[in-house]
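Engineer:
Okay, here's the thing in structure tokens:
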């Protein structure tokens, strides 16, 4: 943790808290800093179809509106970049998943573990794998709530929690908790039945 | 129907699940501090170890954190 006396003199914060007429230069320098980082980091993510200048502008408004919440735990510019990256990735995800057709949430809200093709597994392993999947399905049906099943299904489809939340009209924290609690429950149930991770991955290899 | 690789990923996430003290917003609030420890070196406080636990279980936050590291490194390399 930085020395409090030192961080209380954070030059960025001091300059950004000046009056409207005096902080223009600091805002421009921060914008340039953000654009440089965003340009490098966002261009190869989710197709990179986003205007970095626009993201920086939205982020700047957020940053300037949250100066009071800066807690001096890091450099000011790293804190600001974290906000800008979240704005940028969130926008990229929105655009990317708008064009991706995934049946989620499904109409019946079910989560079926019906594997497409197990024919590549040796016969003996195939039977073991089928028993394991049947057991997992039972655990999912008996131990998870409807919302947990829906969230796990979104996760199984490869959707980020942010997108699952948007499609379930929920929020990211709540969906993360649904998914995480569901995983913990399933882990406990499998371990209580005597399964280990090694054993399961061997069956699926 | 699901592919075998999806089921493998599900089992991986199930067996790597451990109690997590943070949600995504809690992780985000500490991500800048965590990034600086990773970039400049140093020891993780107990609080920052919780960030590590969350990132290992939340691909969404881990992805954003990786993007933050790349952005800060790029922006700083020109600033210096």
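Residue numbers (my numbering), protein chains in the order written: chain A, 40 to 244; chain B, 234 to 313.
The beta-carbon is built from N, C-alpha and C at its ideal position, and this holds for glycine as well.
Between the Cα of residue 254 of chain B and the Cα atoms of B/294, B/275 and B/287, which residue gives the shortest distance?
Structural biologist: When only C-alpha atoms are compared, the closest one is B/287.
Engineer: Check whether the Cβ of residue 246 of chain B lies closer than 7 Å to any Cβ atom in chain A.
Structural biologist: With 7 Å as the cut-off, residue 246 of chain B counts as an interface residue toward chain A.
Engineer: Determine, using beta carbons only, whether residue 285 of chain B comes closer than 7 Å to chain A.
Structural biologist: Output row for residue 285 of chain B: interface = no.
Engineer: Going by DSSP in three states, residue 141 of chain A sits in which element: helix, strand or coil?
Structural biologist: It is coil, neither helix nor strand.
Engineer: Could you tell me whether the Cβ of residue 305 of chain B comes closer than 7 Å to any Cβ of chain A?
Structural biologist: True, the Cβ-Cβ gap to chain A drops below 7 Å.
Engineer: Does residue 260 of chain B get closer than 7 Å to chain A when you measure Cβ to Cβ?
Structural biologist: Not closer than 7 Å to any Cβ of chain A, the Cβ of residue 260 of chain B fails to qualify, so no.
Engineer: Whose Cβ in chain A lies nearer than 8 Å to the Cβ of residue 269 of chain B?
Structural biologist: Within 8 Å Cβ-Cβ: 113, 114 and 117.
Engineer: Does the beta-carbon of residue 110 of chain A have 16 or more other beta-carbons within 10 angstroms, so that it is buried, or is it exposed?
Structural biologist: Classification of residue 110 of chain A: exposed, given that the 10 Å Cβ count is below 16.
Engineer: Grab me the residues of residue 217 of chain A's own chain with a C-beta within less than 7 Å of its C-beta, minus the 5 sequence neighbours each way, in chain order.
Structural biologist: Cβ neighbours of residue 217 of chain A beyond the five flanking positions: 186, 187 and 190.
Engineer: Going by Cα to Cα distance, which pick from A/127, A/208, A/173 and A/96 is closest to residue 86 of chain A?
Structural biologist: Comparing Cα-Cα distances from residue 86 of chain A to each of A/127, A/208, A/173 and A/96, the minimum goes to A/127.
Engineer: To the nearest whole angstrom, what separates the beta carbons of residue 226 of chain A and residue 247 of chain B, a pair I think is in contact under 8 Å?
Structural biologist: That belief holds up - the Cβ atoms of residue 226 of chain A and residue 247 of chain B are roughly 5 Å apart, short of 8 Å.
Engineer: For a contact meaning CB atoms closer than 8 Å, what does residue 243 of chain A contact in chain B?
Structural biologist: Within 8 Å Cβ-Cβ: 237, 240, 241 and 244.
Engineer: So residue 80 of chain A is in the alpha helix (DSSP H); what residue range does that whole segment cover?
Structural biologist: Where residue 80 of chain A is concerned, the enclosing alpha helix (DSSP H) stretches over 63-81.
Engineer: Indicate the three-state DSSP secondary structure (helix, strand or coil) for residue 207 of chain A in the structure shown.
Structural biologist: If DSSP states are grouped into helix, strand and coil, residue 207 of chain A belongs with coil.
Engineer: For a contact defined as C-beta to C-beta under 7 Å, what are the partners of residue 288 of chain B on chain A?
Structural biologist: Under the 7 Å cutoff, chain A gives no residues; its nearest Cβ is about 12 Å from residue 288 of chain B.
Engineer: Helix, strand or coil for residue 292 of chain B per DSSP?
Structural biologist: It is helical.
Engineer: List the whole-angstrom C-beta distance separating residue 243 of chain A from residue 237 of chain B, where the pair is believed to meet the contact cut-off of C-beta under 8 Å.
Structural biologist: Confirmed, about 7 Å.
Engineer: Does the separation of the CB atoms of residue 65 of chain A and residue 79 of chain A fall below 7 Å?
Structural biologist: No, the pair does not count as a contact, with Cβ atoms beyond the cut-off.
Engineer: In the region 69-93 of chain A, which residues sit with their C-beta less than 8 Å from some C-beta in chain B, listed in chain order?
Structural biologist: Correct list: 72, 73, 75, 76, 77, 78, 79, 80, 81 and 84.
Engineer: Note the first and the last residue of the continuous alpha helix (DSSP H) segment covering residue 273 of chain B.
Structural biologist: Taken as a continuous stretch (DSSP letters only), the alpha helix (DSSP H) holding residue 273 of chain B covers 257-273.
Engineer: Please give the ranges of any alpha helix (DSSP H) in the region 169-239 of chain A, keeping only runs that are unbroken, at least 4 residues long and fully inside the region.
Structural biologist: Fully enclosed alpha helix (DSSP H) runs of 4 or longer: 185-195, 200-206 and 211-231.
Engineer: On a Cα-Cα basis, can you pick out the residue from A/72, A/184, A/120 and A/131 that is closest to residue 311 of chain B?
Structural biologist: Of A/72, A/184, A/120 and A/131, the residue nearest in Cα terms is A/72.
Engineer: By the 10 Å Cβ neighbour count, where 16 or more other Cβ atoms means buried, how is residue 251 of chain B classified, buried or exposed?
Structural biologist: That one is exposed.
Engineer: Along the alpha helix (DSSP H) that carries residue 101 of chain A, what are the first and last residues, could you check?
Structural biologist: From DSSP, the alpha helix (DSSP H) with residue 101 of chain A extends over 91-104.
Engineer: With C-beta atoms as the reference, is residue 291 of chain B less than 7 Å away from residue 135 of chain A?
Structural biologist: No, these two residues do not count as a Cβ contact at 7 Å.
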